[in-house]
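Only one structure is covered here, and it is reproduced in the block below.
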Amino acid sequence: MAAPAEIQQYRHTFTVNVSKINSVPAGGKLLVNSYLKTPPPGPGAVLEIKAKIKKPPSAKNASGFDYAAYLRRQNIFATANALEVRQIGAIKLPFYLRAAYSVKDDIIDTVYHYLPGEAARILVPMLVGDKSSLTSRDKRVFTDAGIMHILVVSGLNVAYFTALFVFIFRISGLTRRQSYLLSIPFIFLFAVITGANPPVLRASVMAAFVILSMSLRRDPDIIHSIALSALIILIINPQSVFDASFQLSFAATLGIVSLYPRINRLFESSPYLIRKLPGSLFSVSLAAQLAVLPLIAYYFNRVQVIGLISNIVIVPLTGVITISGMALYLLHFVPGPLAGLASLICSKTIFLMLSLGNFFASLDISSFNIPSPSIFQICLYYALLWASFTFKKYYILPAAALISLSASLAYSFSVSGPAFEGLRINLLEAGPAVFAHIAEGNGENWVFAMNNPQSIKRNEYYSDFLQRYFSKAGINTIDGLIAGNGGETLGAQLKTEKLVGGDEIFSVAASSAQFIRGESGSALYMEYGAYKLIFLSRPDKPLWKKTAPLFSGSAKKVVVLCGRQNPTVTNNIAGRIGAADIAIYSSKSGKTGTLLSRGGNQTVNLSGTGALAFEISDDIINICP
């Protein structure tokens, strides 16, 4: 085990280099999830782990996150849930790693000792890049306010860190040149402490390059330093080129270097105070956002329009927070009240930043969902943006950028899917839960949560899952949640996150719709044209006593089975209503019972993607994998 474990609320996760499996020599990396209550092992530990090794899951849903591909980019091809972890030895890590891990742990302990919990969990990622203590709400607020970048250790943090150590060396009596050169090892130590992610590695290499240039009395070439840092990162890990953080970091930096001077010239005629602070901050923010806009839309399907304003107010506060946080750690070694004073300044500034962040995030115009743009659209956007700053006339920049932005947004909304008639239903698997996204051609959308109270307790996780799904679809709000047993609390969570715009439980605008509860399961019954549809989760006898009479008549029967089914129950269902004309079952259910085999019905297995959409229009059912 070469790196510290990532500690979360109910588990800790760590990566190990495998040497043997069942006494057979082996190699490669293994990602281990441990729900054991024992403390996580430390870096350098040699472990004996009892676990079942499995392949990481791919995307279960068409627009879901491909976890397997994400791990492959880190050269991890297998995962395991630990049943037992035993340390049988230890290896000695290099000195710089031991020092970095020790300082990181000490910084975290110091921050939590001096600051209140809410302030501490914001300061820790700003100083050392550890975001494990952040809640989903924290991330949502910072994202919607357009200030999530301040929780990622990047160039600004490296600049503050470098300035602090240069200042310390200067007051110690060293020359400017000596101070700059001595700060370089500390810059790279800081990069290791914060996890050596692409943004901080880029900034560290660029800082070292600039310092060396200044020490040699040469003008630093920023573009060359950017290219050099990218080369070094890709030599260390070529897979980084596919990481969103790598792409966003370099795009933002190039955008600031290329666009900031031209945008800032728009403020040449403004008063000095406006030109130097608000004007500069606005120019930097706009330059960075123009550079990363298509990548943000592609990876996160959410665009923050409030960021241009929020960054003007909040970025200066981050400087106070970062510098006072670093000073707090250094001063806690010194007896006296100085550490307490630094913690007071830091905590008060953090709470002010949180208040402002909540305000900006609460605005209706703060952000909106957007579908992922195509590669063609991204290339077109950057081509237009490049053309905008190659012209000499400065007034062309905002016009060309606006055209680029408008084209991007217009195209993104146009690819959200053609209009359709009838009803569209998409089944979504999220861990133990199954959801149905029900959409009508008139643009209305609902979610049916098909779970009982025992399986829908992780409301925060399900809320995040649905937020990501609808972001991919470019849908900002849904008309309501059709809640299963225990789903009312999920509805409240979705209302808090502004995904649901109305009440928690809605009826579906079809010819007829009923939500039916049994002892352990739930069902949604709908009549639509010549079809009768029912979605089932954990069907039981009481549930089917209520639903079977609804299937009388000659209408075609469509049955959707979610989760594992009891063959006896499905046989009883078939005996009561006859075989389904169309039966759709998830990969967890299997073709069980005569319900799915009598009458030559059409069956569709959801294995592979775990999701399936079908449209009902003009008495035609189109199966759309």
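Quick note: the working numbering has the sequence shown finishing at residue 627, numbered continuously throughout.
Yeah, the Cβ is synthetic: ideal placement off N, Cα and C, and Gly gets one too.
DSSP beta-bridge partners for L33? L33 is bridged to T17, T81.
Secondary structure of E120, DSSP reduced to three states: Assignment of E120 by DSSP, reduced to helix, strand and coil, places it in the helix class.
Does DSSP put F370 in a helix, in a strand, or in coil? Three-state result, F370: strand.
Straight-line gap, L166 to I238 (C-alpha atoms, nearest Å): Rounded to the nearest angstrom, the two C-alpha atoms are 28 Å apart.
With a Cβ-Cβ cutoff of 8 Å, do L330 and Y103 count as a contact? At a Cβ-Cβ threshold of 8 Å, L330 and Y103 do not count as neighbours.
Chain-order list of residues whose beta-carbon lies under 6 Å from that of K52 (same chain, five-residue window excluded): For K52, the CB contacts under 6 Å within the same chain, skipping 5 residues up- and downstream, are L85, E86 in chain order.
So what does DSSP say about Q10, is it helix, strand or coil? DSSP, reduced to helix, strand and coil, places Q10 outside both helices and strands of the structure shown, so it counts as coil.
Can you tell me whether E431 is buried or exposed? The criterion is at least 16 other CB atoms within 10 Å of its CB, across all chains shown. Buried, by the Cβ-count rule.
Just reading off the beta strand (DSSP E) that K52 is part of, what are its end residues? From DSSP, the beta strand (DSSP E) with K52 extends over 47-56.
Pull up the distance between the alpha-carbon of P263 and that of P373, whole angstroms please. Cα to Cα, the separation comes out at about 31 Å.
Please tell me whether P200 and S134 are closer than 8 Å, where the distance is taken between their beta carbons. No, these two residues do not count as a Cβ contact at 8 Å.
Could you tell me which of L535, L545, I110, K543 sits nearest to F553, measuring between CA atoms? Among L535, L545, I110, K543, the Cα nearest to that of F553 belongs to L535.
Here's a check: name, in chain order, each residue in its chain whose Cβ is nearer than 7 Å to the Cβ of M216, leaving out the five neighbours to either side. Cβ neighbours of M216 beyond the five flanking positions: Y182, P222.
Bridge partner(s) assigned by DSSP for K22: According to DSSP, K22 bridges with P27.
Compute the distance between the beta-carbons of A5 and T15, then report whether it is under 8 Å. No, Cβ-Cβ distance for A5 and T15 is not below 8 Å.
Measuring only the C-alpha atoms, how far is L297 from I311? Pairing L297 with I311, the inter-Cα distance amounts to about 21 Å.
Count the C-beta pairs between the segment 348-357 and the segment 311-328 that are closer than 8 Å, then say yes if the count reaches three, no if not. Contact between the segment 348-357 and the segment 311-328 is present: three or more C-beta pairs spanning the two stretches fall below 8 Å.
Cβ of K543 within 8 Å of any chain B Cβ: Absent from the structure is chain B; it holds one protein chain and no more.
Can you give the Cα-Cα distance for I110 and G327, rounded to whole angstroms? Distance between the alpha carbons of I110 and G327: 11 Å.
Could you give the residue range of the alpha helix (DSSP H) that holds Q1? Coverage of the chain is limited to positions 3 through 627, which leaves residue 1 absent and any answer about it impossible.
Determine contact between the segment 280-290 and the segment 378-389, defined as no fewer than three beta-carbon pairs at a distance below 8 Å. Contact between the segment 280-290 and the segment 378-389 is absent, because fewer than three Cβ pairs lie under 8 Å.
Compute the distance between the beta-carbons of R75 and F252, then report whether it is under 8 Å. No, the Cβ-Cβ distance between R75 and F252 is not below 8 Å.
I'd like the ranges of any beta strand (DSSP E) spanning at least 3 consecutive residues and lying wholly in the segment 296-338. 304-306, all fully within the segment 296-338.
Classify S457 as helix, strand or coil using the three-state DSSP reduction. Bear in mind that a pLDDT of 47 at S457, under 50, signals an unreliable position, so the model cannot answer this.
Is F335 buried or exposed, if buried means 16 or more other CB atoms sit within 10 Å of its CB? Counting other Cβ atoms within 10 Å of its Cβ, F335 stays below 16 and is therefore classed as exposed.
Would the beta-carbon of L283 fall within 8 Å of that of I235? Cβ distance not < 8 Å, so L283 and I235 don't count as in contact.
Whole-angstrom Cβ separation of N83 and K39, contact assumed at under 8 Å? Not really, about 14 Å apart at Cβ, beyond 8 Å.
Taking the alpha-carbon of A229 as reference, which of P240, L214, L256 has the nearest alpha-carbon? When only C-alpha atoms are compared, the closest one is L256.
Could you tell me the boundaries of the alpha helix (DSSP H) in which H226 lies? Looking at the DSSP string, the run of the alpha helix (DSSP H) that includes H226 is 224-238.
May I ask you to list the residues that DSSP assigns as paired with A92? Per DSSP, A47.
Between the alpha carbons of V130 and M528, how many angstroms are there, rounded? Whole-angstrom Cα-Cα distance: 53 Å.
Per DSSP, what are the beta-bridge partners of E86 in this structure? Note: E86 sits in a beta bridge opposite K52.
Can you tell me whether R123 is buried or exposed? The criterion is at least 16 other CB atoms within 10 Å of its CB, across all chains shown. The residue is buried, with at least 16 neighbouring Cβ atoms inside 10 Å.
By the 10 Å Cβ neighbour count, where 16 or more other Cβ atoms means buried, how is L233 classified, buried or exposed? Flag for L233 reads exposed.
Pairwise C-alpha distance: R304 and R470: If you take the alpha carbons of R470 and R304, they lie about 9 Å apart.
On the three-state DSSP scale, how would you describe G482? Three-state DSSP puts G482 in a strand.
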